Each structure stands twice: as C-alpha cells, then as structure tokens.
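Comments concern the structure below.
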Amino acid sequence: MKLQRTIVRNTLARLRRWLAAGNLLLALMLCLAAALSLRNAREGDEDAARLTAENLSTSMSSEVASELRLIDNALATVAERYAKTAREADRADVLSQMVAEQRVLLKHVSAVRVVDATGDVVSDGVGADGAPTAVIHLGDRSYFERARARDATVVSEPLLSRLTGVWCIVVARRLINADGGFDGVVLTEVSSEHFAEHFAGMALGRSGAMSMRMNDNFLLVARHSASEPRAVKGLGEGTVSAALRENIQRNAAQGWYVTSTALDKVERITAYHRVAGYPFTVLAGLSTDEYLGAWHRQVAEVCVLVALMILLVGVASVLLYRGQKQEHHGRLAADRTAREQALMLENDLVGMVRLKSRVILWDNKALARILGYGPGELRGRSMRDLYLDQATFDHIGRAGYGALRGGQRFRTQVQMRRKDGGVLWIDLSGMLVSEEESLWMLMDIDALKQSEEKAYGMAFRDALTGLPNRRLFEEKLADAQATALRTEAGIAVCYLDLDGFKPVNDRHGHEAGDEVLRTVGARLQQTLRANDIVARLGGDEFAIVLAARGDAGSARTVIHRCLSEIERPIEVAGGHRVTVSASIGIVLARGSCDMAAVMRGADDAMYAAKRAGKGRIQIGSTVPPAAASSVATLSTPPPMTVPRPLLVA
1115 MKLQRTIVRN
1125 TLARLRRWLA
1135 AGNLLLALML
1145 CLAAALSLRN
1155 AREGDEDAAR
1165 LTAENLSTSM
1175 SSEVASELRL
1185 IDNALATVAE
1195 RYAKTAREAD
1205 RADVLSQMVA
1215 EQRVLLKHVS
1225 AVRVVDATGD
1235 VVSDGVGADG
1245 APTAVIHLGD
1255 RSYFERARAR
1265 DATVVSEPLL
1275 SRLTGVWCIV
1285 VARRLINADG
1295 GFDGVVLTEV
1305 SSEHFAEHFA
1315 GMALGRSGAM
1325 SMRMNDNFLL
1335 VARHSASEPR
1345 AVKGLGEGTV
1355 SAALRENIQR
1365 NAAQGWYVTS
1375 TALDKVERIT
1385 AYHRVAGYPF
1395 TVLAGLSTDE
1405 YLGAWHRQVA
1415 EVCVLVALMI
1425 LLVGVASVLL
1435 YRGQKQEHHG
1445 RLAADRTARE
1455 QALMLENDLV
1465 GMVRLKSRVI
1475 LWDNKALARI
1485 LGYGPGELRG
1495 RSMRDLYLDQ
1505 ATFDHIGRAG
1515 YGALRGGQRF
1525 RTQVQMRRKD
1535 GGVLWIDLSG
1545 MLVSEEESLW
1555 MLMDIDALKQ
1565 SEEKAYGMAF
1575 RDALTGLPNR
1585 RLFEEKLADA
1595 QATALRTEAG
1605 IAVCYLDLDG
1615 FKPVNDRHGH
1625 EAGDEVLRTV
1635 GARLQQTLRA
1645 NDIVARLGGD
1655 EFAIVLAARG
1665 DAGSARTVIH
1675 RCLSEIERPI
1685 EVAGGHRVTV
1695 SASIGIVLAR
1705 GSCDMAAVMR
1715 GADDAMYAAK
1725 RAGKGRIQIG
1735 STVPPAAASS
1745 VATLSTPPPM
1755 TVPRPLLVA
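Heads up: the sequence shown begins at 1115 in the numbering used here, then just goes up one per residue.
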C-alpha cells in the first residue's frame, strides 16, 4: 500500500513537471505567434495607409500640375499673339481681347492681369474696360524681374496679394512686342484657398491634412486640415519637420515618413510628391491614431485572447492533474462529477425545469429566483400557472411540443407571470427527455425588452434636447385639439425661431450651439405647464402648444415669460457667456379648426415677428373652425406602438 502511494506520488510529481513545462512552452509560443501576427498586421495597416497617402499626394500633384499647365498655356498664348501683332496701335486691343478670352477659360484664377514695363498694373479685369480700380505697382516683386529676364512662365513664392489681400501664388509671363521690346507682364493669381478647397475634397479622415509647399525653401502655399479647415496658420512660412527635410534630401521627387507635423503636432504618415514641371511639392498626411486605430483594438483583443488561452490551458492542466490525482479513488471522482453537474443545474442565470405532462417535476434555484418563488414551491404545479392566459398556454403546447416531437429545435420569447403578479419576458427553449418528459430552459430577458422599447421610444424624441420631435409634436397637437374639443377650451400654437444663434455657432463652434439649444429647450420646459407641449422641429426652431389658452392676452403673457427665459445669458464651453433671443409667432385655435392651417399661420406670424425686428412676439389671425366633415388633421400617420412579438411558444 505504501509502495503504491509512493508510485502515485512520483507519477503525480512527474505530471506536475511536464504540465508546468508544457504550459510555459505553450505560453511562449502563443506570445511569439501573437507578436508576429500583430507586427504583420501593423505593417499591413502602415502599408495600406502609406499607399493611400501616396495615392492622395500623387493624384493631387497631378491635378495641381494640370491646373498650372492650363494657366501656363493660356499665358503663353497671350504672349505669342501679342508678339505677332506688328502694329503698335493694335497691340492694346489684341492684348485686351486675348486676356478676356483666356479669363473665360481660367475659372480657377482670381483674374488675368496685365502689368506694363514699369511694373504698374494697367488691366486687372475689374474696372471698366479692364482698367485697374486702383494704382498698384508690382515692379518690385521678384517674379516681375524673373519674368522680364526669361522667355518662360515663372511662378512666385506664396505671398499676400496687393490686389486682393489674400494669400496666393502668381503665375506670370513676359510680353515681348514684334520689335523685340519688353512691354510688361501678363499674370494670374491662384489663391491658397483655391488649393485648400481642392484638398478638402480628398478622403483625409478626421485628423488628416494635405498641403503644398515650395520645393527649395518649403514655404507653405496652401493647407487643409479636417480639424482646422479654413486656417491660414503657417502660410508663407517654411517650418517643417526634420523628417521631411531628411527624406527630401534622399529623394526629392517622392517619398513618405512618419512624424508629428510641425504645425499642429499631430502624428501622421505623410507622403509627398513633386508637381511635375513646377516648383511645388504636395504632401498628404493620415493620422496614425486613425489608421492604426483598428490595429490598437486588435492588440487589445489578441492580448485578451492569448491571456484567456493561457488561462484556459492552465485551468485545463490543473483539472487534468486533479483528475489524475483522484483517479485512484472512484468515489472522489464520482463526487467531483456530481458537484460539477450540480453547478451546471443550480446556476443563478439560466432557469431549468423538468416537466411531465406539463407539470413541474423539478426546477433549479435560478428559475425560482426569476419567477419569485421559494425553494420547492413550483414542484407539482402546472405550467399553466406561469402563463398569462389560456390561449398562450395552449399555443405553446401545440407549437412547442409539436416541433420537439418532429425532431426540430424550439425557442421563443414569451411573457410569464411572477408569483407576485408581475409580468416579465422570458426566452424559452426546450428539449425532449422521453416521450412524457421534457427539459426547458428559461432566461430572464425583461431588461433587454425594456431597452428595446426605450430605444424605439427615442425615435420620437430629439436626440440633442430630449424634446418631442416633429412627428411626436404633430401627434401631441392632434391630442391637444381633441382635448380642446371635449372641454370647449381654446389652444395657442406658437412657432419660435432663435435670433442670434448662427453667430454663436460661427464664433464658438457647434458644441456651443448645441449647448444653447439644450439650455433653451430646458428653460422652455421649466417655464411651461405640464399639460403644455414644447418640441424642437429642427435647427434652431421650436414649437409650443399652450393648452386651455384661448385668448391672446394669456398666451402673450406665457410666451413673454418664455422669451425672457431665452434671453438670459447662457454659459457655453470655455467659460464664454452668450445670449440669444427669439422671434415668436402665435395663432389661437378654437373648435375643430384645420391644424395644418394653424401651423402655417403660426409659421407666418413668426416670420412677421422676425421681419419686424426680431426678439418680438407676433399674434396671427385666429383660424376659424372647419366643418366637421372637413376637419383636416395633420398629414401624419397614426402613432406607432411598440411591436410585441407574436407568441409562438
């Protein structure tokens, strides 16, 4: 006996060592495989982002080159025709005609301008007959001197235009007359905003950016960032990252790198591509947070998965060791198996019940807890006691047992009654144990059902303010009219449009605008009675229904209080305090009047208030009652109810 115990002890010791070594080796292999997989996935995401950035920069550089080439050809045409005009008296007319013709073709430039030999603008396409609207001297510009010195198109560095006051580049070509003399320069201006608008049309993501810089000194010509779409920060400056300078030195034509952008400190993968034939480079950058976002989630998932696998293998090893350890004693193994079965049957989540002729033979504690019964209270009772009605009980019997006897799986959702009389939703599934007995599993899904109903109800609420939306407002308005008919009381329908809301949006951003809308909605709810209705119809427009307010005086008093509440200062993000007002139109309605006409009248009154100076209350004409057969309710379908599934089990 002692020898046997020693053999068992030694065997178990060897098993422990093998299991420990195997678990360690498996953990190392899993970690290595996960690391290799994640590295490959990251490289794949980086390659995809790089390829996308390269495609964006290449595509945009081609587009920029095409536009500049079009300008180049137009200016060359003007210069060539001018040079062929022999008579000096005809040159001005020919030049004016050619400039007008090319201006029609060059939709993307500010103007086609002519500068004389002294550097003064003699035609800018703005004044009468193309004459300049002001005396502008451009002779001191470097591009003017370069254009004078060479018979080719020259392109300027980014500069602030003396003609338009905006950032731009100038494309210029000299004018040589038939006698070989220098008569000036014909030029165009292409604004930085024009390029930025092109960049905005590219798929850059939420934090991407695209820019164009000079080749030699990196001066910024134009830039678009999704986070700062109209910013002019950095234009005309040459501040760039060291990574860009290093890559340009290695390959000036095209390349890519990953670094934080000098202007906004956002890390991006950036690809650059030179504009063929012109001194510019287009750069397209995609945020690493965006293109590696999926990879970061994958890292978390893989780490959790590897940890779970290691944990599961460890647990399995422990179970194996315990099984081997207890194998010499059958009773212990049998007890362990019985305990495991008991744990499954006596879980706290899934209710189980065994039936014979639809009478409960056995139930677990989870079922008793779900239905509110004590231990053993359900045994011997008919399942009919748990169903809401006889029809449902009979339907379950036919459909459920019919499916099970046909070898099919059966599962449904049904409402059942708790011991305390409460009703809850149950996910019900069953299986046959024998000809007479069956085993059923019941899961409490009442919270899920309530969540579904809540989500459906949200379809009738404005997501920002929580107020009724247009559809729910129209239904409530119809209800208010019906109530008014029964009580012979009038109602007042009001349309409200905020004044000064757009400047808040423009100055402080959409988040501030959203805060203003939420605050206005909350103040209106607090000011009105419980039986009044306030809704947001969209944008900065609200609607109000005042119940039992058939006279103009009381309606004006209530709405004046609402206007006073709206005009109180509102604190938005950043500690700023803003104020808005409102233009409000009121229409009184009595009897079975046309509600569509009432709403139109309130809308017209609101616009009349706005035209009168804003921040005003305008009472429109009372809508007369309509004939009973022609009462027009709003063209809205009847209110929807939350659908309940047809009980099939």
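Ideal Cβ positions, reconstructed from N, Cα and C, are used throughout, including at glycine.
This structure is a prediction, so every number in the text was calculated from the model and none was measured.
Report the rounded CA-to-CA distance for Arg-1128 versus Tyr-1435, giving the unit in angstroms. 10 Å
Using beta-carbon positions only, say whether Ile-1684 and Val-1692 come within less than 8 Å of one another. yes
Quick check: the segment 1560 to 1568 against the segment 1588 to 1597, are there 3 or more CB pairs under 8 Å? Contact fails: fewer than three Cβ-Cβ distances are below 8 Å.
Within the continuous alpha helix (DSSP H) that includes Ile-1484, where are the two ends? Element bounds for Ile-1484: 1479 to 1485.
Neighbourhood of Glu-1629 by C-beta, 6 Å cutoff - its chain only, sequence neighbours within 5 removed: Val-1686
So, Leu-1651 versus Ala-1657, is the Cβ gap smaller than 8 Å? yes
Counted within 10 angstroms of its Cβ, other Cβ atoms place Met-1545 as buried (16 or more) or exposed: exposed
If you run the structure through DSSP and keep just helix, strand and coil, what is Val-1634? helix
With respect to the alpha helix (DSSP H) encompassing Ser-1355, which residues constitute its N-terminal and C-terminal limits? Bounds of any alpha helix (DSSP H) do not take in Ser-1355, whose DSSP letter is neither H nor E.
Look up Gln-1216 in the DSSP assignment and say whether it is helix, strand or coil. For Gln-1216, the secondary structure class from DSSP, reduced to helix, strand or coil, is helix.
Check whether the segment 1281 to 1301 and the segment 1262 to 1272 are in contact - that is, three or more C-beta pairs closer than 8 Å. Two segments are said to touch when three or more pairs of C-beta atoms, one from each, lie closer than 8 Å; by this definition the segment 1281 to 1301 touches the segment 1262 to 1272.
In or out: Asn-1361 buried (at least 16 other Cβ within 10 Å) or exposed? buried
Expressed to the nearest angstrom, what Euclidean distance is found between the alpha-carbon atoms of Leu-1538 and Asp-1560? 5 Å
Buried or exposed, going by whether 16 or more other CB atoms sit within 10 Å of the CB of Trp-1132? exposed
Does the Cβ of Ile-1185 have 16 or more other Cβ atoms within 10 Å, making it buried, or fewer, making it exposed? Residue environment for Ile-1185: buried (at least 16 other C-beta atoms within 10 angstroms of its C-beta).
Can you pull the DSSP bridge partners for His-1251? Asp-1234
Can you list the alpha helix (DSSP H) stretches of 4 or more residues lying completely in the segment 1495 to 1546, in chain order? Counting only runs of 4+ residues, the alpha helix (DSSP H) found wholly inside the segment 1495 to 1546 occupies 1504 to 1519, in chain order.
Count the other CB atoms within 10 Å of the CB of Ala-1317; is the residue buried (16 or more) or exposed (fewer)? Counting other Cβ atoms within 10 Å of its Cβ, Ala-1317 stays below 16 and is therefore classed as exposed.
Output yes or no for whether 8 Å exceeds the beta carbon distance between Met-1720 and Asp-1611. Asp-1611 sits close to Met-1720, with the two beta carbons spaced by under 8 Å.
Can you tell me whether Ala-1742 is buried or exposed, with buried defined as 16 or more other CB within 10 angstroms of its CB? Confidence at Ala-1742 is low in this model, with a pLDDT of 35, below 50, so the placement of that residue is unreliable and no value is reported for it.
Among the candidates Met-1324, Thr-1375 and Ala-1603, whose CA atom is the shortest distance from the CA of Ala-1703? With distances taken between CA atoms, Ala-1703 lies nearest to Ala-1603 out of Met-1324, Thr-1375 and Ala-1603.
If you reduce the DSSP assignment to three classes, tell me which class Met-1316 lands in. coil
With which residues is Val-1767 paired in a DSSP beta bridge? Since the first residue shown for the chain is 1115 and the last is 1763, residue 1767 is missing from the structure and cannot be characterised.
Would you mind working out which of Ile-1121, Arg-1714 and Glu-1157 sits nearest Ala-1408, comparing C-alpha positions? Per the Cα distances, Glu-1157.
Check for me: the alpha helix (DSSP H) holding Lys-1347 runs from which residue to which? That residue, Lys-1347, is in no alpha helix (DSSP H); it is neither H nor E in DSSP.
So within the segment 1597 to 1633, which uninterrupted beta strand (DSSP E) runs reach at least 3 residues, ignoring any that extend past its ends? 1605 to 1613
C-alpha distance - Asp-1620 paired with Met-1423, whole-angstrom precision: Approximately 53 Å between the Cα atoms of the pair.
Where does the unbroken beta strand (DSSP E) through Cys-1282 begin, and where does it stop? 1281 to 1290
Run through DSSP, which three-state label would His-1308 get? Three-state DSSP puts His-1308 in a helix.
My output table needs one value for Gly-1428: the three-state DSSP class, helix, strand or coil. helix
C-alpha distance - Val-1236 paired with Phe-1394, whole-angstrom precision: One C-alpha to the other measures close to 29 Å.
Output needed for Pro-1757: all residues of its chain with C-beta closer than 6 Å, excluding positions within five of it in sequence on either side, in chain order. At Pro-1757, the pLDDT of 35 sits below 50, so the modelled position is not reliable and the matter cannot be decided from this model.
Return helix, strand or coil for Arg-1205, following the three-state DSSP convention. helix
How many whole angstroms separate the CB atoms of Gly-1715 and Val-1701, which I take to be in contact at a CB cut-off of 8 Å? 4 Å
Is there contact here, the segment 1374 to 1382 with the segment 1334 to 1349, by at least three beta-carbon pairs under 8 Å? Result yes; three or more Cβ-Cβ pairs closer than 8 Å.
Assigned exposure category for Pro-1738 - 16 Cβ within 10 Å defines buried: exposed
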